Each structure stands twice: as C-alpha cells, then as structure tokens.
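Note sheet for the following structure.
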Amino acid sequence: MKAIQVGLLGIGTVGLGTFSVLQRNQEEIQRRAGRGIEIAMVAVRDVARARSIVGPDVKVVNDARAVIANPEIDIVVELIGGCGVAKQLVLEAIAAGKHVVTANKALLAVHGTEIFSAACAKGVMVAFEAAVAGGIPIIKALREGLTANRIQWIAGIINGTTNFILSEMREKGLDFEVVLKEAQRLGYAEADPTFDIEGVDAGHKVTLMSAIAFGIPVQFDKAYVEGITKLGAADIRYAEQLGYRIKLLGITKRTPKGIELRVHPSLVPAKRLLANVEGAMNAVVVNGDAVGTTLYYGKGAGSEPSASAVVADLVDITRLHTADPLHRVPHLAFQPDALTNLPVLPMSEVVTSYYLRLRVADQTGVLAQVTGILASAGISIDAVLQREADEVGGEGSTQTDVIILTHDAREGTMNEAIARLQALPTVLAPIVRIRKEELAG
Ligand code: HSE
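Residue 1167 in my numbering sits at position 221 of the sequence shown, and the numbers go up by one each step.
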C-alpha cells in the first residue's frame, strides 16, 4: 500500500526531530502502522536551508497553502505555533479534508472548540499529543488508557523552563532573576520567556488536560494563571525547612461545585515523587476513581521527545483514517455531543491550603493579632515557623519572618484575611502567599 503522505508546515526543532525519527525508525513504524509514513512536502521560509536538510525526495516550498492544496498530502503537521497564521492554516487544512497533527497548545487551548467542531464536521482528525508535556503520552493516557475512570484530579509539572529555574533556585539558593539569566544563557529559557515564566504555557496545557479529563469544552479564558516571577529564594528555603518543595503546578480538579482550573506555584510535600522532579523534566499525576493515583514522567520538550509524540499521532491517523469518523476516539475523549457544562470555578471559590510569610515587627502580641485574624476568618493554622529576629533600622528595632501553614480555606476567605493582616501596622512588607497541595491519593 502506498505510504501515507505527510506535509510539514515549519521545520524547526520539532520538525527536524520528526523527520529524523521517521527516517531512523521507518521499518518499525511501518510494521506498527500497517503502511509507510513519508514526509513528502515541507513549507518553510528558508527553502535552501530546508532542502539541504531533507534531501531531494522531499518537496520544499515557501508557501504553506501549496501543501494544503496538494491532493497527494493526507496529513498536515502544523509546527508554526501561536494563534495567528497557524489558526488560519489549520482551519484551511481541515476544510481541504486533511487530517492535522499539531504541537500548538495555545491554538487548541484558546480556539479548540472552533477547530474541533470544524474537524468533526469534515470527518478529519486533529491530533495533539505533542501539545502537552512533549514526549509523555499523557493525552493518550487520559483519553484512552484511563477511559474507565471518573477522573478526580490532575496535577502536573508541565513547563520545563520554570521547573529548571525552580530547581536551580533551590539547589543554589539563588533568586529568580539570576537563575533566569543563566537559563537563557544555557538555552533552557527562550529570549522572551514570558509565556513560560508567567504560567501561560502551563495554563494552555492544563486547559487541554482538563477538557479531556472531565468532558468539558476547552476554555483557557477561565483558567487562573500565576507564574513564578515573584518567588524569592527565602520562601523556597522556608518551604524546605517545613518539608516542602515549591513547584509550578498545573492543577485541575473536580469538586461538587465545579471544576478547578489553575496554574500557580505550589508547596508540595518533599516526600511526593512530583516534588522530586528536577530540572527541565515534566511529570503529571492523575487520580482516577478506579485506578487511584498514577504518575507519568519524561521530557516535556526537545526535538526527538516532541517528535515521539508527533509520530505517535501520525501512526494513529494512519491506522484510523479510513475508519468511520464516528468510530474514532473523540478529540476530547468524550463524544462531542456529550460534553458537560460543569462550570470552571472562579479562583475565589477554590479551596486549598496556604503558606503565608509575614515580615513583622518583633513586638509583644504580634503573633496573637495575626492568629486572631485568621481564627476570626475561620482559617485553621496547621504549623507556624518563626525565625529569630534580625536587627534592622535604628534604635535596635527588630523584625522577623513569621511563616504560617494553614489547613484548607476558600481562596476568597483567604484574600479577605490577607487584606486585614496587611493592614496591621506591625506587618512591614507585602505578605507572601503560596498555595499548598498535599496531593494525597
Ligand atoms: N516552553 C515549554 C517548556 C516547552 O518550557 O516546557 C514547550 O511547551
């Protein structure tokens, strides 16, 4: 049987990885897929450079629409990224009856509803394993491997750049800005790292996982997203003294009121496997009612790890593209007419526990005032750590850090309590609040 013909839009890091993995493993891939998979055409800006890489058998053009219009092409792989031209090209490829493989998490997290419904109407697949956690087959696991389960929650380290930065901050005791510069120098962080360090990239990924886990539409606009730019080395140190590590987690959880969908730095007990995922690695924990807690670990980015996911999608499509579209695995795991409208909760309704750090004047009664405010808000304290006072300022005035771990509280209640604490004249600096996740089964 003739090999499936693939057209790449873009041939950067992931495209090159896809090209070499398909070439290197072509015999095994063919034995798995039932027929060969060939990259037949590539659209790039720098045609001469691409030609020197892919050789004479691949047609190289500088017009992505020439790939989409080519009737020989069965699958279009979109590796351009972003929500601009990539969105237009993906919709055009679908309209032309092509299956699409993409690593574009931003596109699907923001415009997924439009794209998946266009694909359903046309009977084509849009596969996106590489969009979440790179080489870890988490989409496959959530959509198929765990299909028996009512999924309860997912918590993941799904951004390698920020995990690398947090690991370095903890190991070397350095502040965020210093480590970011070093990460950029080593190529672990982009020249413009905004999407990574502000939590947006992780927000896109957790939005996709949430949709697949709970059968809700993709709705990145409802996700709460907070990055790591305000974290200080002191908080990482205090967390460690209390038995925790700080990780940027993407969390989505089913609650009786609705779905939590959030990204923010979190204290995680140091004994959890997730807390020990270091450097640029990714890991996702999924809790399902039947299976219990499961953990998926691996490289979340990079040429061949991402290619591993892209090629897996190509094999899936190769096996299924002649199947009746109604018999394929749905894009978001649930049948498109069976999605639920469970609300995504506003952050004020999220219930979690907290780490608070207050810089206070070392005076009689300060701790009583602080604990009094928390008690009157109904917030229960789990642990308190007070450092020895430092002498600062004139006339022997001293200050100290008070660190409080709380039990579960509603975020809205905690916001009000923090506002009252902040107004105390003895609280001398902005209060640091970091959420805490026990991640118990
Ligand atoms: N920039 C991402 C990361 C990889 O640092 O994990 C691509 O999503």
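Built from N, CA and C at the ideal position, the CB exists for glycine as well. No experiment lies behind these values; they were computed from the predicted model shown.
Exposure of residue i, with buried meaning 16 or more beta-carbon neighbours within 10 Å
{"i": "Asn1105", "result": "buried"}
{"i": "Glu1384", "result": "exposed"}
{"i": "Pro1292", "result": "exposed"}
{"i": "Asp1283", "result": "exposed"}
{"i": "Lys1203", "result": "exposed"}
{"i": "Gly1030", "result": "exposed"}
{"i": "Asp1270", "result": "exposed"}
{"i": "Asn1361", "result": "exposed"}
{"i": "Thr1464", "result": "Residue 1464 falls outside the range modelled here, since the chain spans only 947 to 1387, and no answer is possible."}
{"i": "Val1237", "result": "exposed"}
{"i": "His1353", "result": "exposed"}
{"i": "Glu1114", "result": "buried"}
{"i": "Pro1371", "result": "exposed"}
{"i": "Asn1287", "result": "exposed"}
{"i": "Pro1276", "result": "buried"}
{"i": "Met947", "result": "exposed"}
{"i": "Pro1251", "result": "buried"}
{"i": "Asp1235", "result": "exposed"}
{"i": "Gly1342", "result": "exposed"}
{"i": "Lys1118", "result": "exposed"}
{"i": "Asp1336", "result": "exposed"}
{"i": "Leu1272", "result": "exposed"}
{"i": "Asp1138", "result": "exposed"}
{"i": "Leu1219", "result": "exposed"}
{"i": "Thr1108", "result": "buried"}
{"i": "Val1338", "result": "exposed"}
{"i": "Asp1020", "result": "buried"}
8 Å Cβ cutoff, residue i in contact with chain B
{"i": "Lys1051", "result": "Absence of chain B from the displayed structure is noted, only one protein chain being present."}
Unbroken beta strand (DSSP E) run spanning residue i, endpoints
{"i": "Pro1202", "result": "Note, Pro1202: premise wrong, no beta strand (DSSP E); not H, not E."}
{"i": "Ala1129", "result": "Per DSSP, Ala1129 belongs to no beta strand (DSSP E); it is in the alpha helix (DSSP H), Phe1122 to Leu1132."}
{"i": "Leu1351", "result": "Thr1344 to Thr1352"}
{"i": "Asp1328", "result": "Ile1327 to Gln1332"}
{"i": "Ala1335", "result": "Where Ala1335 is concerned, there is no enclosing beta strand (DSSP E), given that its DSSP letter is neither H nor E."}
{"i": "Gln969", "result": "Taken as a continuous stretch (DSSP letters only), Gln969 belongs to no beta strand (DSSP E), being part of the alpha helix (DSSP H) at Thr959 to Arg970."}
{"i": "Ile1143", "result": "Segment Thr1140 to Ile1143 is the alpha helix (DSSP H) holding Ile1143; no beta strand (DSSP E) there."}
{"i": "Gln1098", "result": "Ile1097 to Ile1103"}
Residue i beta carbon near the ligand HSE (any heavy atom closer than 7 Å)
{"i": "Asn1105", "result": "yes"}
{"i": "Ala1388", "result": "Since the displayed the chain opens at 947 and closes at 1387, residue 1388 lies outside it and no answer follows."}
{"i": "Asp1283", "result": "no"}
{"i": "Asp1147", "result": "yes"}
{"i": "Asp1142", "result": "yes"}
Residue i: first and last residue of the uninterrupted alpha helix (DSSP H) it sits in
{"i": "His1057", "result": "Lys1051 to Lys1068"}
{"i": "Gly1119", "result": "Per DSSP, Gly1119 belongs to no alpha helix (DSSP H) and is neither H nor E."}
{"i": "Thr1317", "result": "Val1312 to Ser1322"}
Residues that DSSP places opposite residue i in a beta bridge
{"i": "Met1227", "result": "Lys1245"}
{"i": "Glu984", "result": "Gln951"}
{"i": "Ser1299", "result": "Lys1382"}
{"i": "Thr1239", "result": "Asn1233"}
{"i": "Arg1356", "result": "Val1297"}
{"i": "Gly1196", "result": "Gly1102 and Val1209"}
{"i": "Arg1305", "result": "Asp1347"}
{"i": "Pro1215", "result": "Tyr1190"}
{"i": "Val1373", "result": "Val1306"}
{"i": "Val1290", "result": "Ile1205"}
{"i": "Ala1137", "result": "Note: Ala1137 sits in no beta bridge, so no partner."}
{"i": "Ala989", "result": "Leu955 and Val1007"}
Any non-hydrogen atom of the ligand NAP within 7 Å of residue i CB
{"i": "Ile1111", "result": "What this structure holds is the ligand HSE, not the ligand NAP."}
Length-filtered (4 minimum) alpha helix (DSSP H) runs lying within the stretch 993-1046: 993-1000, 1010-1015 and 1031-1041
Suppose only complete runs of 4+ residues qualify. What are the alpha helix (DSSP H) ranges in the stretch 1147-1192, listed by chain order? 1179-1187
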